[in-house]
Amino acid sequence: MNDLSKNYINGEWVAWSGETIDVHESGTGEAIARVPASGREEMERAVAAADAAFESWSESTLEQRIKVLEQLHAGLKERAPEIAETVCREVGMPIKLATAIQAGMPATVTKTYLKMLPDFPFNEQSGNSEVQYAPVGVVGCITPWNYPLHQVILKIVPAIAAGCTVVLKPSEIAPQSAYILADILDGTDLPKGVFNLVCGHGHTVGDTLIKHPDVRMVSFTGSTRTGHLIAHAAADDFKRIALEMGGKSASVVLPDADLAAAVKGTVNNCLLNSGQTCTALTRLLVPADKHDEACELASAAVAKMTPGNPLEETTRLGPLASGQQRDRVIDYIKLGIEEGATLVTGGPEAPEGCNPGGFFVRPTVFGNVKPDSRIAQEEIFGPVLCVIPYTDEAEAIRIANGTPYGLSGAVWSADGDRAKRVAGKLRTGQVFVNGGAFNPVAPFGGFGHSGIGREFGKWGLEEFLEIRSLQL
Numbered sequence: 001m002n003d004l005s006k007n008y009i010n011g012e013w014v015a016w017s018g019e020t021i022d023v024h025e026s027g028t029g030e031a032i033a034r035v036p037a038s039g040r041e042e043m044e045r046a047v048a049a050a051d052a053a054f055e056s057w058s059e060s061t062l063e064q065r066i067k068v069l070e071q072l073h074a075g076l077k078e079r080a081p082e083i084a085e086t087v088c089r090e091v092g093m094p095i096k097l098a099t100a101i102q103a104g105m106p107a108t109v110t111k112t113y114l115k116m117l118p119d120f121p122f123n124e125q126s127g128n129s130e131v132q133y134a135p136v137g138v139v140g141c142i143t144p145w146n147y148p149l150h151q152v153i154l155k156i157v158p159a160i161a162a163g164c165t166v167v168l169k170p171s172e173i174a175p176q177s178a179y180i181l182a183d184i185l186d187g188t189d190l191p192k193g194v195f196n197l198v199c200g201h202g203h204t205v206g207d208t209l210i211k212h213p214d215v216r217m218v219s220f221t222g223s224t225r226t227g228h229l230i231a232h233a234a235a236d237d238f239k240r241i242a243l244e245m246g247g248k249s250a251s252v253v254l255p256d257a258d259l260a261a262a263v264k265g266t267v268n269n270c271l272l273n274s275g276q277t278c279t280a281l282t283r284l285l286v287p288a289d290k291h292d293e294a295c296e297l298a299s300a301a302v303a304k305m306t307p308g309n310p311l312e313e314t315t316r317l318g319p320l321a322s323g324q325q326r327d328r329v330i331d332y333i334k335l336g337i338e339e340g341a342t343l344v345t346g347g348p349e350a351p352e353g354c355n356p357g358g359f360f361v362r363p364t365v366f367g368n369v370k371p372d373s374r375i376a377q378e379e380i381f382g383p384v385l386c387v388i389p390y391t392d393e394a395e396a397i398r399i400a401n402g403t404p405y406g407l408s409g410a411v412w413s414a415d416g417d418r419a420k421r422v423a424g425k426l427r428t429g430q431v432f433v434n435g436g437a438f439n440p441v442a443p444f445g446g447f448g449h450s451g452i453g454r455e456f457g458k459w460g461l462e463e464f465l466e467i468r469s470l471q472l
């Protein structure tokens with residue numbers, strides 16, 4: 001077992017001798033690591049370190065910040081195989097995908113900021129005013145378990161680039177990649193206190209972080225329920241917040257679209273990371289007269305995604321990240337059956353041929369799903385696709401916009417202009433048009449209950465900057 005009974009505070013690894021939290025391997029259920037169940041005192045020390053380091057780091061040169069990020073990028077590239085295997089074992093993403101995404105994306109995102117920073121206008125002229133972009137201060141970062149390192153990088157890289165100092169509270173379900181990150185940063189020229197890591201439960205260290213008066217911003221990725229609590233807590237102190245939360249994204253297949261291509265693309269997106277993706281296209285909206293054909297196509301596509309050992313190169317669908325998440329998804333599958341949706345494939349039974357101790361769920365497709373049913377309205381966060389029929393374009397748009405969420409979506413049509421027109425009517429932060437590729441320098445975030453603020457590119461950097469005008 002990997003004993004990580006320590007926190008990283010003020011440039012030092014601080015040993016922890018109190019209660020610990022077991023980290024489990026998703027494919028077997030076995031405990032593979034332990035991390036601290038830290039208390040409020042440890043978080044307060046970390047915030048104090050970040051606050052003490054802020055004055056000097058906020059006045060550091062852009063060249064100093066770029067040098068640190070270059071060193072971080074090199075470390076991420078060097079340790080990519082270790083990162084991929086670590087996240088694969090914790091979260092369940094198959095190793096081939098984990099190598100490209102869980103290990104590859106953090107390095108890619110860091111590189112995008114290295115390319116952007118030299119030309120970013122930290123000072124610009126507006127009439128007789130000099131407009132300055134100043135770091136917001138100490139930033140508390142709270143990150144999820146589904147893309148554990150990627151979500152950390154999306155916060156700390158632009159925060160450090162902006163001149164902020166950081167206290168990170170990673171998910172206790174998948175924390176090990178954050179420890180790898182801290183180890184990499186420990187070997188860079190980053191001054192003490194600029195980056196701090198405290199592991200523990202949300203109700204103790206997380207609560208301390210979001211309510212601490214010296215924390216001027218909270219950047220959070222996770223559930224809408226937790227985001228709601230953070231927003232309320234931050235309001236008491238007028239803290240700045242950036243919240244990236246849940247989704248229930250619709251893939252709208254217009255009547256003239258290539259149905260086979262649209263269904264295949266939607267299924268692949270829905271089942272990425274076993275459905276543990278906030279942008280997953282979990283609602284497939286199809287013309288009513290093509291509903292049955294779409295269900296058949298979806299069933300055939302899902303049949304190629306047999307759950308298996310995520311450490312094997314040939315596996316395309318792994319387990320869920322925890323027993324709690326597995327049980328939650330199974331409960332939703334049972335609910336879908338109770339609500340009267342047609343079970344096309346999958347179901348609540350454990351998949352055959354998988355380690356019985358692992359957190360596996362059958363990939364499941366429901367047909368004839370009612371738009372207002374719970375499985376069509378609530379984020380399941382598992383390998384479950386809802387096929388919803390519609391009668392005309394206007395109804396499709398109403399259904400797509402008919403949840404509290406608005407994080408992602410897709411539109412498919414043989415007519416590119418029509419697809420863009422419909423995409424422009426979706427109340428969501430991003431829309432994939434005819435399978436367009438994800439862009440790591442485009443703004444990412446949500447409407448409604450999916451969030452506040454944006455990540456990636458210059459928009460991600462601007463979240464960590466305050467604006468000051470000098471009237472000259």
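Residue numbers (UniProt numbering): 1 to 472. Each residue gets a CB set at the ideal place from its N, CA and C atoms; glycine is no exception.
Query                                                                                                                      : Result
Proximity below 8 Å, CB of L259 to CB of A294                                                                              : yes
Ranges of the alpha helix (DSSP H) found wholly within the region 404-453, counting only runs of at least 4                : 416-423
C-alpha gap between L311 and S373, whole angstroms                                                                         : 36 Å
V23 versus A182, C199 and G39, residue with shortest Cα-Cα distance                                                        : C199
Pair within 8 Å by beta-carbon distance, I388 and L229                                                                     : no
Counterpart residues of D3 in DSSP-defined beta bridges                                                                    : R34
Validate contact between the region 151-171 and the region 208-228 using beta carbons, cut 8 Å, 3 pairs                    : yes
Proximity test, S177 beta-carbon vs the ligand PLP heavy atom, cut-off 7 Å                                                 : No copy of the ligand PLP appears in this structure; indeed no ligand is present at all.
P135, enclosing beta strand (DSSP E) - first and last residue                                                              : S129 to P135
Residues sharing a beta bridge with F220, DSSP                                                                             : I142 and L243
Those residues which DSSP pairs with Q125 across a bridge                                                                  : E130
G246 versus S413 - alpha carbon distance                                                                                   : 26 Å
For E41 and L181, the rounded distance between their alpha carbons                                                         : 23 Å
Cα-Cα separation between T110 and E12, rounded to whole angstroms                                                          : 24 Å
Secondary structure, alpha helix (DSSP H): runs of 4+ residues fully inside the region 80-108                              : 80-91 and 95-98
Local Cβ density within 10 Å of M43, reported as buried at 16 or more and exposed below that                               : buried
Per-residue burial, M1 [other beta carbons within 10 Å of its own, 16 or more giving buried]                               : exposed
Exposed unless 16 or more other CB atoms sit within 10 angstroms - verdict on R65                                          : buried
Proximal residues to G308 (C-beta, below 6 Å), its chain only, five neighbours per side dropped                            : T315
K192 and V215 closer than 8 Å at C-beta                                                                                    : no
Cβ separation of P319 and S274, assumed to be a contact under 8 Å, to the nearest whole Å                                  : 7 Å
Residue from A178, Q132 and N128 whose Cα sits closest to the Cα of G150                                                   : Note that residue 150 is His in the sequence shown, not Gly. Considering only alpha carbons, the answer is A178.
When L4, K425 and N439 are compared against A394, the one with the closest alpha-carbon                                    : K425
Integer-rounded CB distance, given that V329 should sit under 8 Å from G382                                                : 3 Å
Between the CA atoms of A261 and V411 - distance to the nearest angstrom                                                   : 12 Å
Cβ separation of R34 and L4, assumed to be a contact under 8 Å, to the nearest whole Å                                     : 7 Å
Spatial distance of Q430 from N269 (CA atoms)                                                                              : 14 Å
R362 (DSSP reduced to helix, strand or coil)                                                                               : coil
Buried or exposed by the 16-neighbour rule on C-beta atoms within 10 Å, applied to R398                                    : exposed
Where L190 falls: helix, strand or coil (DSSP)                                                                             : coil
Under the three-state DSSP convention, the category K370 falls into                                                        : coil
Cα-Cα separation, F54 to G29                                                                                               : 41 Å
Integer Cβ distance of A134 from L465, believed to fall under 8 Å                                                          : 6 Å
Beta-carbon contacts of G451 that lie in its chain and below 6 Å, excluding the five residues immediately before and after : L243, E244, M245 and G445
Extent of the continuous beta strand (DSSP E) to which T61 belongs                                                         : Element bounds for T61: n/a, residue is neither H nor E.
Residue span of the beta strand (DSSP E) that contains P389, given as start and end                                        : V384 to Y390
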